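Taking it in order: structure first as structure tokens, then the write-up.
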Amino acid sequence: MNSLSIYVARESGLHKLNPLTKFVLSLCILLGGLAFSNALAGYVILFAIVTPLAMFGGVTKRMYQLVFNISWPLILSVFLIQSFFWGAGTPLFEIGPVSPKLEGVLFAFKSSGRILYVMANFILFSLTTRPDTLMISLKQAGLPGGLAYIIVSTLQLIPQYAAKANIILDAQRSRGLETQGNIVTRARALLPLVLPLVISSLLEVEERAIAIEARAFNSNRVETSILEIPDSQSQKTARAGMIIITILLIAGRFLWQLSS
Amino acid sequence: MNIEISNLHFAYPTGVQALRGISLTIESGEQVAIVGQNGAGKTTLVKHLNGLLQPTSGTVQIGDWNTKEHSVAKMARRVGYVFQNPDDQLFSKNVGIEVAFGPRNLGMNAEQVQRQVNEALAMTELSDKTETNPYDLSATWRKMVALASVIAMDTDIVIFDEPTTGQDAANIARIANVIKVLRERGKTVITITHDIDFCGENFARVIAMSQGRILLDGKANDVLGQEDVLATTYVDPPQLTRLGKRLGFKETVRNEEEFLAGLKK
Amino acid sequence: MAIVELKNVTYKYPLTDTPVLKNINAQVNEGEFVAVIGPNGAGKSTLCYTVAGFVPHFFKGEITGAVEVAGSESSKSNLHEWVLNVGLAFQNPFNQISGAKYTVFEEIAFGLENIGVPREEMIQRVNDAMKLTGISELADRSPYSLSGGQQQRVALTSILVMRPKVLVLDEPTSQMDPIGTREVFGVIRALAEKGMTVILAEHKVEWIANFADRVVALHEGEIIADGKPSDVLTSDLLAEKGFGLSRYTSVARKAKAMGMWQKERLPVTLDEAVEGFTLTLPSPKGRGE
Numbered sequence: 000m001n002s003l004s005i006y007v008a009r010e011s012g013l014h015k016l017n018p019l020t021k022f023v024l025s026l027c028i029l030l031g032g033l034a035f036s037n038a039l040a041g042y043v044i045l046f047a048i049v050t051p052l053a054m055f056g057g058v059t060k061r062m063y064q065l066v067f068n069i070s071w072p073l074i075l076s077v078f079l080i081q082s083f084f085w086g087a088g089t090p091l092f093e094i095g096p097v098s099p100k101l102e103g104v105l106f107a108f109k110s111s112g113r114i115l116y117v118m119a120n121f122i123l124f125s126l127t128t129r130p131d132t133l134m135i136s137l138k139q140a141g142l143p144g145g146l147a148y149i150i151v152s153t154l155q156l157i158p159q160y161a162a163k164a165n166i167i168l169d170a171q172r173s174r175g176l177e178t179q180g181n182i183v184t185r186a187r188a189l190l191p192l193v194l195p196l197v198i199s200s201l202l203e204v205e206e207r208a209i210a211i212e213a214r215a216f217n218s219n220r221v222e223t224s225i226l227e228i229p230d231s232q233s234q235k236t237a238r239a240g241m242i243i244i245t246i247l248l249i250a251g252r253f254l255w256q257l258s259s
Numbered sequence: 000m001n002i003e004i005s006n007l008h009f010a011y012p013t014g015v016q017a018l019r020g021i022s023l024t025i026e027s028g029e030q031v032a033i034v035g036q037n038g039a040g041k042t043t044l045v046k047h048l049n050g051l052l053q054p055t056s057g058t059v060q061i062g063d064w065n066t067k068e069h070s071v072a073k074m075a076r077r078v079g080y081v082f083q084n085p086d087d088q089l090f091s092k093n094v095g096i097e098v099a100f101g102p103r104n105l106g107m108n109a110e111q112v113q114r115q116v117n118e119a120l121a122m123t124e125l126s127d128k129t130e131t132n133p134y135d136l137s138a139t140w141r142k143m144v145a146l147a148s149v150i151a152m153d154t155d156i157v158i159f160d161e162p163t164t165g166q167d168a169a170n171i172a173r174i175a176n177v178i179k180v181l182r183e184r185g186k187t188v189i190t191i192t193h194d195i196d197f198c199g200e201n202f203a204r205v206i207a208m209s210q211g212r213i214l215l216d217g218k219a220n221d222v223l224g225q226e227d228v229l230a231t232t233y234v235d236p237p238q239l240t241r242l243g244k245r246l247g248f249k250e251t252v253r254n255e256e257e258f259l260a261g262l263k264k
Numbered sequence: 000m001a002i003v004e005l006k007n008v009t010y011k012y013p014l015t016d017t018p019v020l021k022n023i024n025a026q027v028n029e030g031e032f033v034a035v036i037g038p039n040g041a042g043k044s045t046l047c048y049t050v051a052g053f054v055p056h057f058f059k060g061e062i063t064g065a066v067e068v069a070g071s072e073s074s075k076s077n078l079h080e081w082v083l084n085v086g087l088a089f090q091n092p093f094n095q096i097s098g099a100k101y102t103v104f105e106e107i108a109f110g111l112e113n114i115g116v117p118r119e120e121m122i123q124r125v126n127d128a129m130k131l132t133g134i135s136e137l138a139d140r141s142p143y144s145l146s147g148g149q150q151q152r153v154a155l156t157s158i159l160v161m162r163p164k165v166l167v168l169d170e171p172t173s174q175m176d177p178i179g180t181r182e183v184f185g186v187i188r189a190l191a192e193k194g195m196t197v198i199l200a201e202h203k204v205e206w207i208a209n210f211a212d213r214v215v216a217l218h219e220g221e222i223i224a225d226g227k228p229s230d231v232l233t234s235d236l237l238a239e240k241g242f243g244l245s246r247y248t249s250v251a252r253k254a255k256a257m258g259m260w261q262k263e264r265l266p267v268t269l270d271e272a273v274e275g276f277t278l279t280l281p282s283p284k285g286r287g288e
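Printed below as a string of structure tokens:
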């Protein structure tokens, strides 16, 4: 799919859920998880909640691939920084001036758990929810239609503009423009690359506006939708339930912190 | 300056085999049109001539330069390339400055730049629009600005990608004239085009491509006369070529002059 | 019966002094297929926008005279209601894709969603329209994964599905390769044959000559010829004004001056040219063995 969306089409129970239900579920996992300060909390949520959900959605492998690709540089740097630059603590070993501290390693372990479950949670949601269906649901829940259109069309158009930027780069290099080298060379190359993109995008915006107006985009009639977004009373109840549980968890966390 | 392409293969990172063994020599001063359906590999091929793409295997030699050994900005001294959409390259506040951009990049001195700009503007009939902002011009004239901005670089080889798309008869005649002047100056011109009448009227050599290979390559009359082979890459012969065939002319004709001569025989 | 009527229409874009359309008077009958030709800048696109309501509703500017379609007047309507009378498709297929949809099927439904067509009816209409333009097999593809010709047919279908009374097409094949051109012209021709009223701005004269009912020639904002394709496309006036004409016409005009074209009328199509030049050839049967 030529889009920024990483959505993977599957006939799974998770895919069939109403996008709002998945949105709320995802939000609850994110916030609820932060309520626990235990070092293992992130890993427990990742393996006991997010992974089974991914299996339910049939996207476990893809999810872990993406999680790994995105988070390894972050996790590596967290481990390096926290273990080597932790101020005072129990040294694990010493090589010259370098002495990683046990406390630093533990902290990095905890942080990594959080990074992993937050990433996995977000990626799982994106893998199983089409942006347009989410927007339709949000529109039905009260988000203005124009805003929903802008969000979805932008997601689709960004890759198209990236392709256009490459053509412009090629066209200007073909006119002898140096784009590699020191800062001055690169700064000089900026205008010939950026201006055509901005100007031609502005020219296109007018055509796009004409095209959607030609399809009665600004009609004042009540809109209908070609996509049926499945919803049910039980999903509505589940959403309310999840929100209440999350609020209770966060409230509990605050009270516990205040009391200790 | 000759162009020497030998056994060129190219695959995109997606794995699509865009060129499957192209060997080709284009001699200094030749006028070559490349035709064929979209996806045949025409643009992929010409992008190798100034190093925008590098061969997966095989070599591309421009004079004594192997394109592998030089940056695109350096190759621009020998190969000028006019992209299809002028809006992908215009950015200056007036036509004169826009056209001077290429020659300046190539390191010409102020006097040379001015001379090249003036000549290119005269050739494209833009001399009276030097002070105009390119975006105040119609799309038709913006196309001419794009042509001028590459011609002013005074390269031995000039490539045009679909120069006549969206142009009217008057502007197509202007573009044909630019190509004629370049020929008289001994430049090599390589043009990708779907406009087969334009191709027949302005190019002595025609290359037809299909599925990453060269289908036909030769004198325009020989190539354009092969209606059946051209049909496999969805190209119809020019109108006058078809008319000559229907009238039973023994020789293939491709422009008015040849047709009228054929009629007298 | 006239379905489109332009009465003395003159129009200036905002912040400009010269009118782009000058005293345009024209009628298009129901079911007629009218081609509009002219050099770039002659006002073809503006004329298309005017019939489609974008002039003046979208572009603003100064318009005098009246534009009527099926008895109602453009200036008294809203753009979002007027587009239900007149459908518009234009050159660049890529810019006509809404960007809001993930499949061709949904893309085509976009306009129907906007005007609140019930879902069941919408599905039926989208399927019918896709069948009409021969793109049913593209239904589940992403609009961005298509070739130019396919995208342009999707754009056409997205307009047709709204069932306009008149279809206005502004150079729909100008950015297509030969296959795309063939695909798009094929659809237009089929629609015209089914009785759709079509106004088509176009440069490809040979095709117009074969299929249009009428040709209107625009020059510097004025209609300078209006009539049957075989008359308009061979007129000396158009040749003098530098219109792009078919190679058959131009070469026959030269041949005529040299005494090698004997018929009164110049040819526009290949068949007409073959017929006419055969008369010139000394011994037609002795050739082409």
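These protein sequence lines map, in sequence, to chains X, B and V. Residue numbers 0 to 259, in numbering that gives the first Met the number 0, belong to the letters of the first sequence in order. Residue numbers 0 to 264, in numbering that gives the first Met the number 0, belong to the letters of the second sequence in order. Residue numbers 0 to 288, in numbering that gives the first Met the number 0, belong to the letters of the third sequence in order. We put the beta carbon where it would ideally sit given N, CA and C, even for glycine. It should be emphasised that the depicted structure is a prediction, and the values quoted were computed from it without experimental measurement.
- Per DSSP, residue 75 of chain V is not a residue of any alpha helix (DSSP H), being assigned neither H nor E.
- Classified as buried, residue 175 of chain V has 16 or more neighbouring CB atoms from the shown chains inside 10 Å of its CB.
- Contact between residue 195 of chain X and residue 87 of chain B holds, with the beta-carbon distance rounding to 6 Å and staying under 8 Å.
- Taking 4 residues as the minimum length, the alpha helix (DSSP H) runs contained wholly in the region 230-283 of chain V are 235-239, 246-256, 269-279, in order along the chain.
- In summary, residue 32 of chain V is buried, with 16 or more beta-carbon neighbours lying within 10 Å of its beta-carbon over all protein chains present.
- Within the region 31-62 of chain V, complete beta strand (DSSP E) segments of at least 3 residues are found at 32-36, given in chain order.
- Secondary structure in the region 123-167 of chain B: the beta strand (DSSP E) runs of 3 residues or longer, each lying completely within the stretch, are 156-160 in chain order.
- Using a Cβ-Cβ cut-off of 9 Å, residue 109 of chain X does not count as an interface residue toward chain B, since no Cβ of chain B sits closer than that to its own.
- Residue contact with chain V for residue 148 of chain X: present (Cβ-Cβ distance below 9 Å to some residue of chain V).
- DSSP places residue 85 of chain V in the strand class (E or B) of the three-state scheme.
- Listed by position along chain X, the residues whose Cβ is nearer than 9 Å to that of residue 218 of chain V form an empty set, because the closest Cβ is around 25 Å away.
- Fully contained in the region 152-184 of chain V are the following beta strand (DSSP E) runs of length 3 or more, in chain order: 165-169.
- Look at the beta carbons and you see the region 209-226 of chain B not touching the region 194-202 of chain V: under three pairs across the two are nearer than 8 Å.
- When 7 Å is used as the limit between beta carbons, residue 170 of chain X is near these residues of chain B: 82, 87, 88, in chain order.
- Not one beta carbon of chain V lies nearer than 9 Å to the beta carbon of residue 142 of chain X.
- The bridge partners DSSP lists for residue 55 of chain X come to none.
- Short of 7 Å from the beta carbon of residue 46 of chain B, and not among the five residues preceding or following it, lie these beta carbons of its own chain, in chain order: 52.
- At a cut-off of 9 Å between beta-carbon atoms, residue 179 of chain X makes contact with chain B.
- Contact between residue 103 of chain X and residue 82 of chain X holds: their C-beta atoms lie close to 4 Å from each other, under 8 Å.
- Taking C-beta separations shorter than 6 Å and ignoring five residues to either side along the sequence, the partners of residue 208 of chain V in its chain run 228, 232, 267, 268, following chain order.
- At a cut-off of 9 Å between beta-carbon atoms, residue 209 of chain B makes no contact with chain X.
- Taking a C-beta distance under 9 Å as the contact criterion, residue 59 of chain V and residue 13 of chain V qualify as a contact pair.
- Counting along the chain, residue 213 of chain V sits inside the beta strand (DSSP E) bounded by residues 213-218.
- Residues of chain X whose Cβ lies closer than 9 Å to the Cβ of residue 198 of chain V do not exist, since the nearest Cβ in that chain is about 14 Å away.
- If you look at residue 93 of chain V, you'll find it isn't in any alpha helix (DSSP H); DSSP assigns it neither H nor E.
- Taking C-beta atoms under 8 Å as the contact rule, residue 119 of chain X and residue 62 of chain X qualify, at a distance of about 6 Å.
- The alpha-carbon separation between residue 73 of chain V and residue 253 of chain V amounts to approximately 45 Å.
- Annotation: residue 198 of chain X to residue 75 of chain V spans about 34 Å, alpha carbon to alpha carbon.
- Annotation for residue 207 of chain B: 34, 35, 214, 215, 222, 229, 232, 234 place their beta carbon closer than 7 Å to its own, counting only its chain and skipping 5 residues before and after.
- When the Cα atoms are used, residue 42 of chain V and residue 154 of chain V turn out to be separated by approximately 23 Å.
- In the pairwise beta carbon analysis, the region 66-81 of chain X is classified as touching the region 106-118 of chain X: at least three pairs are separated by under 8 Å.
- Taking a 10 Å sphere around the C-beta of residue 48 of chain V, we find 16 or more other C-beta atoms and assign the residue as buried.
- Apart from sequence neighbours up to five positions away, the residues of its chain that approach residue 107 of chain X with a beta-carbon distance below 7 Å are 77, 78, 81, 82, ordered along the chain.
- Distance from the CA atom of residue 178 of chain B to the CA atom of residue 201 of chain B, rounded to whole angstroms, is 8 Å.
- Residue 213 of chain B has B/208 as its beta-bridge partners, per DSSP.
- Against chain X, a Cβ distance below 8 Å from residue 72 of chain B picks out 172, 175, 176, 177, 178.
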